[in-house]
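Here the structure comes first, spelled out in structure tokens, and everything after it is commentary.
In my numbering, the protein residues as written are 3 to 382.
Following this line, the structure appears as structure tokens:
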């Protein structure tokens, strides 16, 4: 059903700024049951441009990030065998559920977010509930990245009195990296993020082997941990695999939606191997006293080197989550209008305003809850 231009954005008054130009015009979806980006053949900004490997690298950057730094501590709480089984078990479950998300997206191409899926499954209540839940999740994850950036700067500079300034610098850098509107623009820096986290973890593992004379005795099983500690450890393991909330958005920008299993396979093979190896090696050499984040256990020199190498992933992992959160709001506002694909100043200003709002909220979270594990636990 066609709408006139003044009906597209009546509450924002964008018609005064001529957001919808002939140059940027696209065919609008006839209903909410069609692709959220419509026909992009004449679009000014084209979103569906990612190859499967680009989507896979973005999924890796979003998922294999800060969560891995809490896994050795999770093993220390749960002990070796239960901890490893939990890491592998959650990995298998996450693979199955992610594949199910892809199948759901193929069947319901109109789905762009968890809230859209909630609308199909549970109606308006499902949409409203997941609207709020996924935004809270993204803001908490963004906050954890801002917090870790300030921790990293404290380690590198040994100047703890400037923590707020450091977190503000991380906030500004993250905001700037979130400004591009297409996920494809993040694929190359996501590759840098993956290399960064692998390099940081490997350096950390080398560091712990040099700090200790050899592996310490770690029990395969032990008496039951406290309920609070066990729940937090399991939550941190789940968090390490918790990229699913962004998958609908990522799959929506694939050139070929049918290629989603390739991107998913790249992600799951990478994270399950890296998580298991890193958690076992660091826990085996440090034992029950291992810190979270794990890089703090690598010794003074290797701790600094590891954090320096981890700078890209500390920033980019948060940026990918932020982009998905901003895109969710942006699509909700502009869906079905020519303004979705506009290259005008006002369209860019709205995107930047949403970015700024969410990053400022995340910064407040980071300053209000300055304990890494608690932020991760709250996010789940």
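Just so it is clear, CB atoms sit at the ideal spot from N, CA and C, and this is done for glycine as well.
Closest residue to residue 195 among 39, 303, 123 and 310 (Cα-Cα distance) = Here the closest residue by C-alpha is 310.
How about residue 343 and residue 111: are their beta carbons less than 7 Å apart?
-> no
Backbone CA spacing between residue 187 and residue 332 [nearest angstrom] = 17 Å
Give the C-beta separation of residue 89 and residue 191 to the nearest angstrom, bearing in mind that I take them to be a contact with Cβ-Cβ under 8 Å.
-> About 27 Å; that fails the 8 Å criterion.
Start and end residues, alpha helix (DSSP H) containing residue 42 | First-last for residue 42: undefined, no H or E at that position.
Paired residues, beta bridge with residue 256 - DSSP = 52
How big is the Cα-Cα spacing for residue 116 and residue 232?
-> 28 Å
Is residue 36 helix, strand or coil when you go by DSSP?
-> coil
Cut-off 6 Å between Cβ atoms - residues of its own chain near residue 23, not counting five sequence neighbours on either side | Caution is warranted here: a pLDDT of 39 is assigned to residue 23, below 50, making its placement in the model unreliable, and the coordinate value is therefore given only provisionally. Excluding positions up to five away in sequence, the list is empty.
Assumed close pair residue 274, residue 93 - CB separation to whole angstroms, cut-off 8 Å | 4 Å
Opening and closing residue of the alpha helix (DSSP H) in which residue 306 lies = 302-311
Report buried or exposed for residue 356, applying the criterion of at least 16 other Cβ atoms within 10 angstroms of its Cβ.
-> buried
Segments of 3+ residues assigned as beta strand (DSSP E) that fall wholly inside the segment 111-150 | none
Leaving out five residues before and five after residue 292 in sequence, what residues of the same chain have Cβ atoms less than 7 Å from its Cβ?
-> Contacts found: 74, 75, 78, 284, 285 and 299.
Apart from the five residues on each side of it in sequence, which residues of its chain come closer than 6 Å, Cβ to Cβ, to residue 235?
-> Around residue 235: 76, 79 and 80.
Looking only at its own chain, which residues have a Cβ that is under 6 Å from the Cβ of residue 209, when we skip the five neighbours before and after it?
-> 300, 301 and 304
Could you give the DSSP three-state label for residue 228: helix, strand or coil?
-> Here DSSP, grouped into helix, strand and coil, assigns residue 228 to coil.
Is DSSP giving residue 190 helix, strand or coil here?
-> helix
Of all the alpha helix (DSSP H) runs that stay within the bounds of the segment 318-370, which reach a length of 4 or more residues?
-> Fully enclosed alpha helix (DSSP H) runs of 4 or longer: 347-370.
Are the segment 165-175 and the segment 256-267 touching by the rule of at least three beta carbon pairs closer than 8 Å?
-> Judged by Cβ distances under 8 Å, the segment 165-175 makes no contact with the segment 256-267, as fewer than three pairs qualify.
Three-state secondary structure (DSSP) of residue 277 = helix
Under a Cβ-count criterion, where at least 16 other Cβ atoms within 10 Å of its own Cβ denotes burial, should residue 230 be classed as buried or exposed?
-> Taking every protein chain shown into account, the CB of residue 230 has fewer than 16 other CB atoms within 10 angstroms, so this residue is exposed.
Since I believe residue 185 is in contact with residue 258 (beta carbons under 8 Å), could you give me their beta-carbon distance rounded to a whole number of angstroms?
-> Their Cβ separation, rounded to whole angstroms, is 15 Å, which puts residue 258 and residue 185 out of contact at 8 Å.
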